[in-house]
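Working notes, beginning with the structure itself.
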Ligand code: HEC
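Numbering (this note's numbering), first residue to last: 2 to 155.
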């Protein structure tokens with residue numbers, strides 16, 4: 002008896018093991034039933050482009066990977082630091098870089114779309130690959146929704 006009780010499996014009564022198994026099966030069934038709805042709903046699960054989450058999760062990683070080494074913290078090429086709301090709104094040597102609510106009029110968007118001036122200011126980032134269409138769409142959606150940079154992101 003003592004030996005048997007030491008083994009975990011042997012210690013669990015049979016009815017409990019059965020109910021765990023039944024639980025697993027019904028969970029799997031529920032997951033199976035719900036999956037199509039979850040997939041269909043996933044675009045709506047993205048944070049709202051005007052929310053702090055959207056900046057933190059979607060926009061900031063794009064800027065951090067492609068821009069902040071020249072436009073973040075102490076770095077202000079072209080007179081522009083845009084890792085803070087104040088810096089973004091201040092703009093650079095050529096003035097405002099975002100027209101809040103209007104990505105198509107925003108210099109920042111024109112430059113990442115390579116639709117701005119060819120040389121001054123030049124397309125951004127200046128070297129390397131153009132941002133992907135998906136990243137440009139993310140930045141545009143964010144400017145359209147208010148170009149908010151939450152304080153916590155600074
Ligand atoms: C390797 C450094 C570097 C990187 C990386 C870089 N920039 Fe720039 N950026 C510059 C320089 C230098 C200027 C000034 C260019 C000029 O005036 O012709 C500038 C200018 C700008 C301007 C215009 C400021 C003004 O008022 O003239 C914008 C907007 C801008 N960058 C956005 C971005 C964005 C968005 C990214 C990332 C996608 C980025 N930059 C990445 C170096 C960089």
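All C-beta atoms, glycine included, are put in the ideal place defined by N, C-alpha and C.
Keep in mind it's a predicted model, so treat the numbers as computed, not measured.
- Here the alpha carbon of residue 92 sits roughly 10 Å from the alpha carbon of residue 86.
- Looking at the DSSP output, residue 96 bridges to 93.
- Secondary structure note for residue 128: it is in no alpha helix (DSSP H), with a DSSP letter that is neither H nor E.
- Taking C-alpha positions only, residue 152 is separated from residue 84 by approximately 10 Å.
- Each residue's CA atom was taken as its position, placing residue 72 and residue 51 some 22 Å apart.
- Judged by DSSP secondary structure, residue 103 falls outside any alpha helix (DSSP H); it is assigned neither H nor E.
- A residue is called buried once 16 or more other Cβ atoms fall within 10 Å of its Cβ, and residue 129, having fewer, is exposed.
- Sequence-distant partners of residue 112 (beyond 5 residues in either direction) whose C-beta falls short of 7 Å from its own C-beta, in its chain, are 122, 124 and 125.
- Note on geometry: alpha-carbon atoms of residue 94 and residue 100 lie some 16 Å from one another.
- In the three-state reduction of the DSSP assignment, residue 116 falls in the coil class, being assigned neither a helical nor a strand state.
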